[in-house]
Amino acid sequence: MQMMTRKVLLNMELEEDDDEDGDIGDVPDSRRPFLAPHTPLPSGLVLENFDQTIVCPTFGSLENQQDFRTPEFEEFNGKPDSLFFTDGQRRIDFILVYEDESKKENNKKGTNEKQKRKRQAYESNLICHGLQLEATRSVSDDKLVFVKVHAPWEVLCTYAEIMHIKLPLKPNDLKTRSPFGNLNWFTKVLRVNESVIKPEQEFFTAPFEKSRMNDFYILDRDSFFNPATRSRIVYFILSRVKYQVMNNVNKFGINRLVSSGIYKAAFPLHDCRFNYESEDISCPSERYLLYREWAHPRSIYKKQPLDLIRKYYGEKIGIYFAWLGYYTQMLLLAAVVGVACFLYGYLDQDNCTWSKEVCDPDIGGQILMCPQCDRLCPFWRLNITCESSKKLCIFDSFGTLIFAVFMGVWVTLFLEFWKRRQAELEYEWDTVELQQEEQARPEYEAQCNHVVINEITQEEERIPFTTCGKCIRVTLCASAVFFWILLIIASVIGIIVYRLSVFIVFSTTLPKNPNGTDPIQKYLTPQMATSITASIISFIIIMILNTIYEKVAIMITNFELPRTQTDYENSLTMKMFLFQFVNYYSSCFYIAFFKGKFVGYPGDPVYLLGKYRSEECDPGGCLLELTTQLTIIMGGKAIWNNIQEVLLPWVMNLIGRYKRVSGSEKITPRWEQDYHLQPMGKLGLFYEYLEMIIQFGFVTLFVASFPLAPLLALVNNILEIRVDAWKLTTQFRRMVPEKAQDIGAWQPIMQGIAILAVVTNAMIIAFTSDMIPRLVYYWSFSIPPYGDHTYYTMDGYINNTLSVFNITDFKNTDKENPYIGLGNYTLCRYRDFRNPPGHPQEYKHNIYYWHVIAAKLAFIIVMEHIIYSVKFFISYAIPDVSKITKSKIKREKYLTQKLLHESHLKDLTKNMGLIAERIGGTVDNSVRPKLE
2 MQMMTRKVLL
12 NMELEEDDDE
22 DGDIGDVPDS
32 RRPFLAPHTP
42 LPSGLVLENF
52 DQTIVCPTFG
62 SLENQQDFRT
72 PEFEEFNGKP
82 DSLFFTDGQR
92 RIDFILVYED
102 ESKKENNKKG
112 TNEKQKRKRQ
122 AYESNLICHG
132 LQLEATRSVS
142 DDKLVFVKVH
152 APWEVLCTYA
162 EIMHIKLPLK
172 PNDLKTRSPF
182 GNLNWFTKVL
192 RVNESVIKPE
202 QEFFTAPFEK
212 SRMNDFYILD
222 RDSFFNPATR
232 SRIVYFILSR
242 VKYQVMNNVN
252 KFGINRLVSS
262 GIYKAAFPLH
272 DCRFNYESED
282 ISCPSERYLL
292 YREWAHPRSI
302 YKKQPLDLIR
312 KYYGEKIGIY
322 FAWLGYYTQM
332 LLLAAVVGVA
342 CFLYGYLDQD
352 NCTWSKEVCD
362 PDIGGQILMC
372 PQCDRLCPFW
382 RLNITCESSK
392 KLCIFDSFGT
402 LIFAVFMGVW
412 VTLFLEFWKR
422 RQAELEYEWD
432 TVELQQEEQA
442 RPEYEAQCNH
452 VVINEITQEE
462 ERIPFTTCGK
472 CIRVTLCASA
482 VFFWILLIIA
492 SVIGIIVYRL
502 SVFIVFSTTL
512 PKNPNGTDPI
522 QKYLTPQMAT
532 SITASIISFI
542 IIMILNTIYE
552 KVAIMITNFE
562 LPRTQTDYEN
572 SLTMKMFLFQ
582 FVNYYSSCFY
592 IAFFKGKFVG
602 YPGDPVYLLG
612 KYRSEECDPG
622 GCLLELTTQL
632 TIIMGGKAIW
642 NNIQEVLLPW
652 VMNLIGRYKR
662 VSGSEKITPR
672 WEQDYHLQPM
682 GKLGLFYEYL
692 EMIIQFGFVT
702 LFVASFPLAP
712 LLALVNNILE
722 IRVDAWKLTT
732 QFRRMVPEKA
742 QDIGAWQPIM
752 QGIAILAVVT
762 NAMIIAFTSD
772 MIPRLVYYWS
782 FSIPPYGDHT
792 YYTMDGYINN
802 TLSVFNITDF
812 KNTDKENPYI
822 GLGNYTLCRY
832 RDFRNPPGHP
842 QEYKHNIYYW
852 HVIAAKLAFI
862 IVMEHIIYSV
872 KFFISYAIPD
882 VSKITKSKIK
892 REKYLTQKLL
902 HESHLKDLTK
912 NMGLIAERIG
922 GTVDNSVRPK
932 LE
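Taken in order, the sequence shown gives residues 2 to 933; the numbers are from the numbering used here.
As C-alpha cells, then:
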C-alpha cells in the first residue's frame, strides 16, 4: 500500500463548524503528540517518537472526498462465530459502529454531512497509520455499519515497542512450589479443572524491541500477540488519531467521536458466545470457559481462574478479582471467629445476671423508671425491656471484647498478606517494572490555553489555568464537597428529630400492665420500634443521597480538571469515599458515641433545638440499637446492590432483544451480538471497589457491636464475585484490556480505615457497651467498702447503676414540671451514676461514675497501645515482598539480561569475525608480494 504525502485532516471553515462535538479533545497542533506510520522505526525508539506527525493528504471540502482512503464494504459471510475479515485471514482487533448518515431520520442534512466528513477523515487517517479496515452492514438494521479494524504485524511490532509491552523471550524454567504442599489432594476440589482451563505457560519477558526481534520467542506471528494485547495496541492508536484540524487546533480520539455521536460504539470482540463454544476450531472459546468455570453458579465454591481472567480482560480487571477473592478468603477466618463469639454470647445469656434482674418481677418489675419525654410519656417498669436485655447479652459479652481485639490484628494481617500476594501477581503478570507513560486526558489538553516556562526543561508548555485559577478551582471544589457533607449531617439531624418525635408516639402506646403477654409489649418497646423505623428511613435517605452525589462528584471532578486518567480516578475516589464515609457511617457514629451521652438527668434534661428532649439509651445501653442499625444498612445495601447489578443490565438487554424482533430470524455475526450488549461505564470497576471498601468499613469500624458482620460480608462477597463475573461474561461488551500494578488509591484508604477501626472499637466497648461498668462493679463495688457482698458477684448490679430522682425536683423554671399528673409517684429511677435526693451533693456524679470514667479511659489507652504494638510488629515482621518472590524477580532479571547480552555478544562476535576476515585478507594481499 503506497503511503500518501499530505495530511488527511479536515480543515473546515469556521462558519461551518457548529461545534456539535464540542471542544473536548481539541489541542493546539504544537502540543498534541501523534503517532508515526507503520514503517520500520530506528532501534532507539522512545515515546518522543509520538511527536512525529503522519503525512497524508489534506482535504477541506466535500469535493475532495474522492481522495479519502475508505474501508472496503463486504457482505456478511454467514459465519456467526467468525473473528476474522471476510477473507478469513486477518483477525478483527476492534469494532467501530456508526449509523449511515444518508439513512438517518429527523436530522439536519448539513450536520450529517459534517459528521460523515469527520468520520471519513478519521478512517482515512487510521489507514494511513497502517491499520486495515473493512465495513459490513448490519443484518438486522440496515442503517448500522460495522467497521472492522485489523492491525498487521508491522503495526503491532512498532507500537509494542512504543508502549514498552513485555513479550516472551523464552519459557520460564524456574520451579514453582505449591503453597499447600501435602494438602493438594484437598484443595484439588476447590481448584479449577486443569483439563478444561489449561495452566498458562510461563515465560521470561522483556520490553519488545524490533531490533532484537530474533531474541523473542516467536513460534507463530498470529499467536505472538494475544487478542488482549492486540486490542490494547489498536485502542492506543484509535485514541490518538486526528479527525479534524481547525485554526491550528487538533481534534482527535475515538472517545470524543463516540461521545459526540459520530460513532455509536467502539469495542473489542468477545471470542464466542458465553453459553456455547465457538464453531471455529482455532478459537480457544475463553469467554465460554470463563462462564462455565467462573461465572456459573455451580462453580461458586471453586477458586477463580485468575490467569485466564487476566489474559482475557487485562491486568486491571484481574487485580480487582484477585483482591476481592483474597479479601473473601480472609473473611472466612474472621467469620468463623465472629460466629464463635456470637454463639458464646448466645449460650451464655442464661448466666447473664443483670438480664435476670431486669426480667425478675421482684426486681425489674418493682423498679419504676422515669418518663423519657415530657407530658406524653408515662412512667414505666424496667422489666418491659426484658427481651431486649436478653438480646443485648448475646452481643455485649466478654466474647465481643476478644473479637474486637482479634479484628484489630486480623485487618493488619489482611493488608500485609495482600501486599505479598499483590507482589506475587506483579511478578506472574509482568507488571513489576511497568513502564506506562500516561498521556494527558483530552479534556485537560483541550483547555491548555496558558503558556508557561517549564522549570525543568526551560521550554514553553501549555497549561489549562494559572496558579490563581487553580486556587479558585480547588477552593470551589472543596466548598462543594464540604456543602454536601453538611447536607448529610443535616439529614442525620433530621433523623434524630424523627427519633425524638416518633419516640413520643410509641411511648403513648406503651402497655400499662407490665406482666401482660402483648407481643408489642414483649418485643417492640418504644426504643426498639423507634430504632427500626429510623434505621429504615436512614437507609432510604442514604441511598437517595448516594445516587445524587455520584453525579455531583463527577461534575466537581470534571470542573477540577485533573491531568491524567489516574489523577482523575484518584480525585474522584477521594471525593466519593469521603462522601460515602459520612453518608453511610454518620448515623452509626451518632448512635455509638453521641446518643444518650448528653441527656442531663430528669430534673434538668437537655433539649435539642430548645424543643425536643435528648434521646436516651435503653437501661442496657445503645449497643443493641447500633447492632440493629448496622444490620439494616449493611444487609439492605448488599441486597439492593446485588439486585441492581443483576437486574439492571439483564432488563436492558432484554428490552434490546425485544426491540429487535427480526433479529431472531437471521444469523447474527459476532460483532453485532456484542454491539447489543451493555457498554461498561467510563469508570470501569470504580463502583465495584467503592462498594467493597464501604463494606470493609462496616466489617472493621463497628465490628465490636456486631460480630456477625464478617459472616454477612463473606456471604455477600461469595455472591458478589459470581455476580460480577456473570455481568462481565454475559451482559457487557468486552472491555479494552488495561495494565495495572495494584489496586491504586484504595490501598491507603483501607490502611486509614484499619487505623481508625482500632479507635472506634475501643470506644464502642468503653462508651457504648456496659462491659466496663459491669467490670468496675464486679471488682470494686460488689464488695466492701462500696458493696455489701462478701464475695465478687454481679448480684445487685441493676439497682446499683440506676440513680433515684424525686419528681418534685424539676429545676427548669421555664417549663412546667412534666411529671406532675402522670400518676401517684414520688420517686423514679433513671440510667446514670448520680447521688440520690437528700445527699449533700444531690444529683451530682457519684464515686462510681468517676471509677467508671477512669476505667474506660484506661481501657482505651491499653487496648489501643496493645493492638497498635501488635500491628506494628506484624507490619515489620511480614515483608511486603516474600523472599521467594524477590528471588524469582532477581533470577528472571538476571537470566533476561544474560540472554539479551549473549545474543548481542553473538551478533557482535559474528560481525567482528567478518571484519577480522576482511582485514586479514587485505593484509595477506599486501604482504604476499613483498615475501615473493
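Quick reminder that beta carbons are idealized off the backbone N, C-alpha and C, glycines included.
Only a predicted model underlies this, so the values are computations on that prediction, with no experimental measurement involved.
Who are residue i's beta bridge partners in DSSP?
i: residue 461; result: 454
i: residue 74; result: 136
i: residue 828; result: 807
i: residue 846; result: 835
i: residue 151; result: 133
i: residue 207; result: 168
Can the beta-carbon of residue i be found less than 8 Å from the beta-carbon of residue j?
i: residue 838; j: residue 807; result: yes
i: residue 499; j: residue 535; result: yes
i: residue 725; j: residue 268; result: no
i: residue 445; j: residue 258; result: no
i: residue 719; j: residue 301; result: yes
i: residue 349; j: residue 206; result: no
i: residue 789; j: residue 622; result: no
i: residue 254; j: residue 232; result: no
i: residue 801; j: residue 778; result: yes
i: residue 616; j: residue 638; result: no
i: residue 583; j: residue 695; result: no
Classify residue i: buried if its beta carbon has 16 or more other beta carbons within 10 angstroms, exposed otherwise.
i: residue 472; result: exposed
i: residue 172; result: exposed
i: residue 693; result: buried
i: residue 285; result: buried
i: residue 663; result: Any reading at residue 663 must be qualified, since the residue scores a pLDDT of 47, below 50, and its modelled position is unreliable; the value itself is stated next. Exposed, because fewer than 16 other Cβ atoms sit within 10 Å of the Cβ of residue 663.
i: residue 504; result: buried
i: residue 916; result: exposed
i: residue 852; result: buried
i: residue 913; result: exposed
i: residue 235; result: buried
i: residue 199; result: exposed
i: residue 750; result: buried
i: residue 878; result: exposed
i: residue 780; result: exposed
i: residue 521; result: Confidence in residue 521 is poor, its pLDDT being 49 and thus under 50, which makes the residue's placement too unreliable to answer from.
i: residue 785; result: exposed
i: residue 130; result: buried
i: residue 920; result: exposed
i: residue 272; result: buried
i: residue 222; result: exposed
i: residue 449; result: buried
i: residue 569; result: buried
i: residue 586; result: buried
Assuming residue i contacts residue j under a Cβ cut-off of 8 Å, what Cβ separation, rounded to an integer in Å, is found between them?
i: residue 548; j: residue 576; result: The pair is not a contact, with the Cβ atoms about 15 Å apart (cut-off 8 Å).
i: residue 635; j: residue 710; result: 7 Å
i: residue 98; j: residue 244; result: Between residue 244 and residue 98 the Cβ distance is about 16 Å, and since that is not below 8 Å, they are no contact.
i: residue 703; j: residue 856; result: That belief does not hold up - the Cβ atoms of residue 703 and residue 856 are roughly 22 Å apart, past 8 Å.
i: residue 429; j: residue 742; result: No, residue 429 and residue 742 are not in contact; Cβ-Cβ is about 12 Å, not under 8 Å.
Just to confirm, does residue i get its C-beta within under 7 Å of one of the non-hydrogen atoms of the ligand FMN?
i: residue 253; result: The model depicted lacks the ligand FMN and carries no ligand whatsoever.
Inset, instruction - Could you tell me whether the stretch 619 to 633 touches the stretch 600 to 610, where touching means 3 or more Cβ pairs closer than 8 Å? - result: no
Inset, instruction - Give a yes or no on contact between the stretch 370 to 385 and the stretch 823 to 832, applying the rule of three or more CB pairs nearer than 8 Å. - result: yes
Legend entry - Segment contact flag, the stretch 752 to 760 with the stretch 835 to 852, C-beta cutoff 8 Å, min 3 pairs: no
Inset, instruction - Take every Cβ of the stretch 155 to 165, pair it with every Cβ of the stretch 279 to 295, and state whether three or more of those distances are shorter than 8 Å. - result: no
Inset, instruction - Specify whether the stretch 143 to 154 and the stretch 283 to 299 touch according to this definition: at least 3 beta carbon pairs, one from each stretch, less than 8 Å apart. - result: no
Legend entry - Given 8 Å, three or more beta-carbon pairs between the stretch 413 to 423 and the stretch 314 to 333: Below 8 Å, enough C-beta pairs join the stretch 413 to 423 and the stretch 314 to 333 to call them touching: three or more.
Legend entry - Stretch pair the stretch 640 to 649 + the stretch 585 to 603: three plus CB contacts closer than 8 Å: Using a Cβ-Cβ distance cut-off of 8 Å, the stretch 640 to 649 and the stretch 585 to 603 are not in contact, since fewer than three pairs of beta carbons, one from each stretch, lie closer than that value.
Inset, instruction - Answer yes if the stretch 873 to 892 comes into contact with the stretch 413 to 420, meaning at least three C-beta pairs across the two stretches below 8 Å, and no otherwise. - result: yes
Legend entry - Inter-stretch contact (C-beta, 8 Å, three-pair minimum) for the stretch 386 to 405 and the stretch 351 to 363: yes
Inset, instruction - Flag this pair as touching only if the stretch 374 to 381 and the stretch 394 to 413 have three or more C-beta atom pairs under 8 Å; answer yes or no. - result: no
Legend entry - Contact the stretch 726 to 741 vs the stretch 677 to 686: 3+ CB pairs below 8 Å: With a cut-off of 8 Å, the stretch 677 to 686 and the stretch 726 to 741 count as touching, because enough Cβ pairs lie within range.
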